[in-house]
Structures are given as C-alpha cells and as structure tokens.
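Residue numbers (the numbering used here), protein chains in the order written: chain B, 55 to 536; chain R, 34 to 470.
We treat Cβ as the ideally placed atom computed from N, Cα and C, and that holds for glycine.
From a predicted model like this one, the values you see are computed outputs, not experimental measurements.
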C-alpha cells in the first residue's frame with residue numbers, strides 16, 4: 055500500500071432549495087406523483103425552447119461560489135452539453151461550460167490536527183435530468199423503462215475539486231465540511247441519501263514521489279458519507295493490487311455496490327464522450343452586477359470553520375466541542391444565544407452537547423424546534439451554579455422544560471425541587487442516619503472510608519435527592535468524626 | 034351587416050384556398066368548418082364592441098409554427114401527428130386582433146432550406162388566397178420563397194417578434210417573418226406581432242413603432258451600398274446579372290443613390306451560416322428522439338430506439354445536414370471549423386454595421402438565380418448558394434426585406450435590402466413599390 059500515493063478529485067452535485075425549476079416555473083417539490091411537475095419547456099416540446107432563468111437559483115449559486123472562496127464570473131451564460139439519453143428531454147443539458155459561476159476556490163478541512171486546503175477548480179450552475187425506472191437490471195436488459203421528468207430542470211450546482219485529496223478519510227472530511235458550508239448558507243439540504251447531494255470520486259494511484267498522474271477510475275453510486283469512504287478505500291486497494299502485480303488500471307466508470315462492498319465496472323452504454331459543448335443561443339448572455347455580488351457577499355453568515363475557530367479562541371473551547379457545536383448553523387446559533395445569558399462557555403457547551411442533543415435525538419426533532427429557549431437554559435445553569443438545585447435534579451427539570459417550555463425556576467418551585475442547602479436541616483438528618491446505621495458507622499470508623507457513601511445515599515433517599523451533596527458529605531464527616 | 038360581411042369573406046377564403054390547394058398542393062391542415070367558426074366568433078366579438086383591427090384579414094402559417102390542437106408537422110414524418118398544446122405567441126397576437134387563420138402550409142422539413150414545391154405559404158399569398166403568411170427565416174428561406182413566388186417579405190431584426198412556439202432549427206439565426214403582396218400589409222402585420230414577451234427573454238424590449246403611420250415618411254433620397262462583387266455570386270445566372278444590373282441604373286431616378294462598395298466578408302456569409310446552422314440544428318433537433326412525442330420506431334434497446342426513430346423519422350437530406358453539424362462541432366473540427374465560423378460571423382456583422390453607418394441600405398438580388406428549377410436543383414446541396422445574399426442578415430441579426438421587381442421578362446428574383454431598422458426598410462420598399470406599379 056505504502057508505495058503508492060492516492061490521488062482523489064471529487065465532483066459533487068448539489069440540488070438547490072429553490073421552489074421552482076432553473077428555466078421554467080414548475081415546482082421542485084420532492085415526492086410528487088411522476089410527471090406531474092412538468093411543462094412544455096422542461097419536457098423539451100417542439101417550439102418550447104426558450105429558457106427564463108430562475109434568479110433565486112442564480113443567487114444561490116453565487117452564494118455557494120462565494121462561500122467556497124471562488125472568483126465569480128463577470129458574465130452569465132449557458133452552454134449545451136449534447137448527448138442522447140431517455141431522461142434528458144432536449145437532447146442536451148444546459149450548463150456553464152465556458153463561463154462557470156466560480157473558479158479557483160478552496161475549502162479548508164482539519165486533518166490530523168492541522169488545516170489542509172482542498173482546491174475548488176470550479177463551481178457551475180446546471181439543470182438536472184429526469185429519473186429512469188427500469189423494469190429489469192438496467193436500461194439495456196429491461197423489457198421497458200419508465201421516465202419521470204419531475205426532476206428534469208431542477209437547478210443543480212456542480213462543484214469540481216482539484217486532485218488535492220489524498221485519502222478516503224480526507225474525501226469524507228471534505229464532503230462533510232462542504233455539506234456544512236452549503237447548509238450554513240441555506241442553499242441546499244445536502245441529503246446524500248435522498249440524492250440532493252451526490253458525489254462522484256475520481257481515484258488514481260501513483261508511485262510515491264512521482265508527479266505524473268496514473269489512470270483514474272470514476273466512482274459513482276455512493277449514497278452516504280460512509281459509502282464514499284468505503285468505496286474509495288476499496289478502490290484504492292483494488293488499484294494498488296493491480297499495480298503491484300504489474301497491471302494497468304482501466305480508465306472507466308465504476309459503480310459502488312453497497313451490499314457487496316465492491317466497485318464494479320459499468321458496461322459502457324454509450325461510447326461517445328464528445329459532448330460538443332457550445333453556447334446556447336436561446337440564452338442571451340449578460341453581465342453580472344458587481345453591486346449584487348457585493349451584497350450577497352455581505353449577506354453570507356459566519357461559515358463553519360471561522361465559527362469553530364472563534365469558539366476556540368474566544369471561549370477557549372476544546373476542538374472537539376467547537377466541532378460538535380458548529381456541526382449545524384442552528385446549533386451554533388443556539389450555543390451563541392445561550393452564551394448571551396451565561397458567563398460559562400464550557401458549562402454551556404457540556405450541557406448543549408450532552409443533555410440538549412440527547413433530548414433532541416430522543417424526541418426526533420431539530421434544535422430549531424426545541425422548546426428550551428437559550429435564556430431558559432442559561433437560567434437553569436445559573437440555578438446549579440448558585441447551588442439551588444443539583445445537577446441530577448437539573449436534568450429532570452430540563453427534561454420537563456423540553457416538553458412544556460416552562461421556565462426552570464417555576465418548575466423547581468412548583469415541584470419543590472429546590473436543593474436543601476440548610477446546614478442545620480442536613481445535620482439533623484445526618485444524626486438520624488448515623489443513629490440508624492451503626493454498622494456503616496463502625497465500618498467508616500475502622501477505616502473503610504467508602505462506607506460514607508451508603509450514609510449519603512440514605513440522606514438522599516430521605517430528601518428525594520434534593521440534598522446538596524457537597525454539604526451532606528461535609529456534615530456527615532463532621533458528625534462521624536466527632 | 035358586419036356579420037354577413039365576415040361570414041361571406043370566410044367563404045371566399047375557403048374557396049380560394051381550395052383552388053390553390055387543388056392546383057399545387059399548398060395545405061397540410063385546412064378546415065373550412067373551423068374558418069366559419071372563427072369568423073362567427075370574430076363577428077360576435079365585434080358586435081360586443083370589441084376592437085379587432087385585423088378583422089377581415091386572413092393568413093396562413095408555415096407548418097413549423099405551433100398551433101394549439103392543430104397538427105404542426107414541420108414537414109417531417111417525425112411530427113406527422115404532433116399537436117402542440119399552445120399557439121405560438123405571434124399566432125395568439127394575430128388571433129386576438131381578429132386575423133383569420135386559414136390553414137397550415139407545406140414547408141421543407143423543419144424549415145431547413147426552401148424548395149419552390151414546398152413553399153406553401155408563399156404560394157397561398159401569391160395566389161391571393163389569403164392576405165399574408167408567417168414563416169420562419171433562418172438563412173433566408175422566407176425571403177427566397179417570397180422571391181420565387183413574386184411577393185414581398187420582411188425578415189425583422191432578431192428578436193423583434195417573439196419566437197415562442199416557433200419550431201426552428203438554428204436558434205441564433207431564426208426569426209419569424211411576414212410575407213404579403215403589399216408593403217403596407219407587411220407594416221400593419223408587423224405592428225401587431227412585434228414586441229417583447231417576458232416568457233421569451235430573447236425577444237426585444239422596447240416600444241413597437243406604429244409602422245403603417247410612418248410609411249410615407251423618410252428622407253427624399255436614400256444612400257445605397259451595393260457589394261461591388263455582387264455579380265460574382267456562386268451559382269448566379271445571366272438573367273439575374275442582366276436584370277439587377279439594369280435595376281441599378283434605374284434606381285437613381287427613384288431617389289436611390291447607388292454606390293458600388295467593396296465588401297470583404299459578406300460573400301462568405303452563406304457558407305458561414307451553413308456551418309453555424311448545421312451545428313445548431315444538430316442540437317436544436319436533438320429533442321426528436323422518440324421518447325416523449327413524435328415518431329418512435331421499434332427497437333431492442335434505447336440506443337437502437339434513438340437510431341431507428343431518427344433514421345426513419347427524418348429525410349436523408351436533413352440527416353446529412355445534421356451529420357455535417359455533428360462533424361463540424363466534433364472535437365476534431367470544433368476549433369478548425371466551428372470557432373472559425375463564429376469568428377467570421379463577428380466580422381460579417383461588423384462589416385454590415387460599418388456600412389450601414391454610412392449607407393441607408395445594402396441592395397442585392399434576393400437569390401442569385403431567376404428560375405425555380407435552378408433553385409430546386411441546388412436544394413439538396415450542403416453548399417446551396419440560394420442564401421448567398423440573404424444569410425448575412427441572419428448572421429448579423431439585422432432586418433431585411435425583399436420586394437418583387439415589376440415588368441421583368443422572366444420569373445425574377447426580388448430586390449433584397451438589408452437595413453438598420455424595420456421602419457426605414459418599409460419606407461424605402463413602399464417608395465419602390467409605387468415606382469414599380
């Protein structure tokens with residue numbers, strides 16, 4: 055393995071969250087009855103060929119290009135990529151071949167404790183094709199196939215990286231970071247499982263130290279981060295075996311078979327790879343307003359990496375905390391909002407990463423649907439800090455807050471959950487417990503210091519867990535050592 | 034009173050259309066009942082006080098212009114039974130203003146090229162069956178057909194009339210144009226169908242001039258450039274040289290100051306247009322694959338279905354043109370041919386615009402040959418010189434117009450002129466028409 059260097063470039067397609075298609079006003083809603091979201095334009099009917107560009111899609115593509123640090127094109131133009139396929143209504147796909155929306159960008163990922171830059175070669179806007187449903191294994195062997203054109207014309211951006219990725223792990227990290235960025239700017243939901251984010255990987259190997267690229271294969275059909283990782287791992291092993299045995303890697307497209315855990319060469323169905331890209335005369339090119347681009351640039355939120363760094367620098371959070379808290383913009387917003395009411399960044403981090411995320415998961419809801427407001431969470435933490443309730447009770451209170459949205463203080467009062475921190479009360483209880491458990495007392499006094507735990511437990515039982523644990527310990531020790 | 038008038042007119046149109054159809058096969062779709070119904074509808078609208086400025090005028094459409102619920106075959110087996118869902122925008126505008134659609138006429142397959150036999154629209158207008166026709170002009174087909182059949186035609190500026198619903202073959206060149214016997218009719222119809230359509234961003238924004246009211250205006254004299262080597266046109270015949278040469282001498286009397294001006298790129302325009310239109314056609318006609326509509330042939334699998342459907346659904350002549358387009362745009366020839374053609378297009382456009390700064394119009398014959406048989410003989414050739422004089426206007430997106438020259442001994446090519454705007458072209462054409470009558 056180690057005698058080869060792995061070279062990976064990714065091509066990622068991302069569906070934009072626009073309400074309508076790229077060049078017509080058909081809905082893009084997911085899951086409608088087949089062929090109900092179509093019109094003469096996205097079906098490519100005769101004479102219905104003139105596109106009207108969806109300005110929202112253009113805006114989203116520009117935002118994405120800006121978020122990936124790309125240079126933005128001066129001219130908006132569309133080209134035709136010509137090929138015949140049953141899911142392609144016009145016989146060509148409109149894409150930005152000559153003037154991609156963005157070029158020369160990058161994404162930074164954290165690998166093994168250091169930051170690595172993955173170059174973005176280009177980002178362009180294009181239209182999606184329809185969906186084929188085969189009655190057999192594939193389009194060649196099926197007795198017949200069905201086509202659904204609801205997806206035909208849905209806006210996509212394609213992001214092409216430079217061949218800067220060196221391992222399956224880096225590929226996975228890159229994709230996660232990319233998804234995170236695109237979700238932060240709210241232009242796509244980036245669901246690999248549903249196909250709103252699709253990644254193909256170009257994989258090749260070369261002897262260590264060589265600067266020439268070897269033959270590459272293009273991996274398709276990887277529908278989760280895990281399958282991207284596994285697919286590339288498998289392909290690297292497959293290629294290195296071929297090379298070690300003195301063979302040559304066949305440049306081809308290969309399908310990742312999730313169930314069998316292998317990649318398979320695809321039968322080349324249509325040999326022609328000459329797409330004859332040329333400008334679409336039905337789209338009149340125009341210049342992008344630099345004012346608009348500036349406005350969009352200003353409208354971008356703080357992106358994940360910057361936010362992670364800020365949480366670490368400003369609040370002294372460990373890298374792990376910063377990573378978890380910035381895994382979505384909404385969660386990071388929640389954290390930041392809570393800190394407006396709380397002076398304890400690490401405590402808030404512990405509670406958000408622990409209890410809040412656990413409650414969300416159990417209820418199968420998003421942070422935006424959470425009934426515990428940042429202010430109420432901060433108040434709960436303040437009650438712990440002031441010794442009014444114990445951490446254990448606080449978890450119960452939080453659970454109640456998450457279903458009712460009630461304030462911590464009012465739950466504590468209503469249920470009488472306030473911590474017993476009155477020393478006299480606790481001392482009385484300690485004396486009672488010591489009197490009732492001579493055996494434990496004897497154990498303690500003969501050196502088995504752990505026996506105190508049993509006595510503490512007895513007090514907790516009597517107080518239904520409300521006794522201040524530190525104070526109980528202190529009082530018990532004093533009484534036992536008398 | 035009015036009701037009887039339109040109803041009577043409808044009957045007259047039906048009879049004339051039937052006659053010309055019997056004589057020389059003009060119509061693909063013709064429905065006398067529909068004509069009667071439409072006329073009745075117009076009458077009702079008029080009685081309700083609606084204004085229908087084009088009521089009483091009838092027209093035909095080349096069969097590559099969409100009509101809702103009426104077959105639009107584009108002269109191809111591929112679309113032999115295809116019925117569009119919507120009218121082309123220009124057709125809606127005509128109907129909304131009371132013009133009567135008499136029928137759909139024969140075209141060469143997908144409007145590619147023009148043969149005398151298939152130019153049904155020009156025949157119908159020439160025979161007086163209808164007042165005007167709409168047809169598509171990609172490298173000059175509309176003007177050539179008008180010229181062959183001795184009528185006038187205008188190819189407006191690119192985008193002047195929305196193309197929505199026009200089934201073309203070369204998107205960057207094609208425009209909808211108008212044929213009629215009289216210049217005034219061209220002006221009236223243009224006024225009603227020109228103008229921006231938001232659903233067609235390639236259509237021109239801006240107010241449409243009231244062409245008919247401007248017809249009599251214009252300068253007393255026009256400055257005309259004639260390409261110095263006009264008589265060297267590929268395929269040009271002696272009668273064309275003789276008659277156009279004579280015209281050049283006569284035109285001075287009518288206030289047209291003629292100058293022979295050198296052109297460098299103009300003469301290459303028909304070849305350049307052929308390259309560009311072939312590449313665009315290869316892509317523009319790629320939606321005819323047998324999947325969603327149109328002709329589908331049996332096959333064992335998808336690729337074979339594409340091949341069989343397109344092989345049997347299209348004529349050899351069209352397929353040769355498409356193969357040429359595929360070749361010219363292939364990796365091997367893209368830079369050598371297609372890009373060079375695009376560069377030439379820019380040069381041709383610049384040359385025309387430079388000349389039109391100094392001169393009002395560029396005059397040439399419309400086609401280089403006088404008779405329809407020569408025209409048809411060239412029809413199958415990929416290097417068809419029929420568009421020798423017409424294609425430049427399409428490459429540059431400029432408006433052009435053809436009018437018949439009167440008193441000619443043989444069936445005469447029209448007089449063709451390219452200008453900067455439709456108003457000027459119509460004014461000059463009207464002045465010539467008066468002289469010729």
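- Restricted to the region 363-413 of chain R, the alpha helix (DSSP H) segments that are unbroken, complete and at least 4 residues in length are 373-391 and 405-411, listed in chain order.
- Taking a C-beta distance under 8 Å as the contact criterion, residue 157 of chain R and residue 166 of chain R qualify as a contact pair.
- Less than 8 Å divides the Cβ of residue 70 of chain B from the Cβ of residue 209 of chain B.
- For residue 150 of chain R, no alpha helix (DSSP H) run applies, since DSSP gives it neither H nor E.
- In the same chain as residue 508 of chain B, and ignoring 5 residues on each side of it, the C-beta atoms closer than 8 Å to its own belong to 491 and 494, in chain order.
- DSSP, reduced to helix, strand and coil, places residue 290 of chain R within a strand of the structure shown.
- When rounded, the separation of the alpha-carbon atoms in residue 333 of chain B and residue 144 of chain R is 22 Å.
- Not a single C-beta of chain R is nearer than 8 Å to the C-beta of residue 131 of chain B.
- Secondary structure at residue 165 of chain B: strand, using DSSP grouped into helix, strand and coil.
- For residue 101 of chain R, none of the residues of chain B pass the 7 Å Cβ criterion, the least Cβ distance being about 11 Å.
- The beta carbon of residue 480 of chain B sits closer than 8 Å to those of 474, 513, 521, 522, 525, 526 and 529, all from its chain and outside the five residues before and after it, given in chain order.
- Residue state for residue 430 of chain B is assigned as helix, using DSSP reduced to three classes.
- Listed as beta-bridge partners of residue 157 of chain B by DSSP are B:125 and B:176.
- Looking at the backbone, the Cα of residue 218 of chain R and that of residue 72 of chain B are separated by about 46 Å.
- Distance from the CA atom of residue 249 of chain B to the CA atom of residue 81 of chain B, rounded to whole angstroms, is 17 Å.
- A direct Cα-to-Cα measurement between residue 380 of chain R and residue 429 of chain R gives close to 9 Å.
- With a threshold of 16 other beta carbon atoms within 10 Å, residue 419 of chain B falls short and is exposed.
- Within the same chain, Cβ atoms closer than 6 Å to the Cβ of residue 338 of chain R are found at 323 and 332, the five residues on either side in sequence being excluded.
- When Cβ-Cβ separations below 8 Å define contact, residue 206 of chain B makes no contact with chain R.
- By the criterion of at least three beta-carbon pairs nearer than 8 Å, the region 300-308 of chain R is in contact with the region 366-385 of chain R.
- Under the DSSP assignment, residue 147 of chain B falls in the beta strand (DSSP E) whose first and last residues are 146-149.
- Of the residues R:407, R:334 and R:386, the one whose Cα lies closest to the Cα of residue 196 of chain B is R:334.
- Taking 8 Å as the cut-off, the beta carbon of residue 141 of chain R is found no closer than this to the beta carbon of residue 149 of chain R.
- The three-state secondary structure of residue 167 of chain R, taken from DSSP, is strand.
- Listed along chain B are 138, each with a C-beta nearer than 7 Å to that of residue 339 of chain R.
- Looking only at B:243, B:134, B:117 and B:65, the smallest Cα-Cα distance to residue 174 of chain B is reached by B:65.
- Put simply, the backbone Cα of residue 295 of chain R is about 22 Å away from that of residue 435 of chain R.
- According to the DSSP secondary-structure assignment, residue 308 of chain B is paired through a beta bridge with B:273 and B:319.
- Membership of residue 367 of chain B in the alpha helix (DSSP H) is indicated by the continuous run 358-369.
- Looking at R:102, R:109, R:99 and R:121, the one whose alpha-carbon comes closest to that of residue 348 of chain R is R:109.
- Counting along the chain, residue 427 of chain R sits inside no beta strand (DSSP E); it lies in the alpha helix (DSSP H) bounded by residues 424-429.
- For the region 222-235 of chain R, the residues whose beta carbon sits under 7 Å from a beta carbon of chain B are, in order, 232, 233, 234 and 235.
- Among the CB atoms of chain R, none fall inside 8 Å of the CB of residue 77 of chain B.
- If you look at residue 185 of chain B, you'll find it in the beta strand (DSSP E) that goes 185-188.
- In this structure, residue 311 of chain R keeps its C-beta atom at 8 Å or more from the C-beta atom of residue 251 of chain R.
- Under the DSSP definition of a beta bridge, residue 186 of chain R partners with R:212 and R:435.
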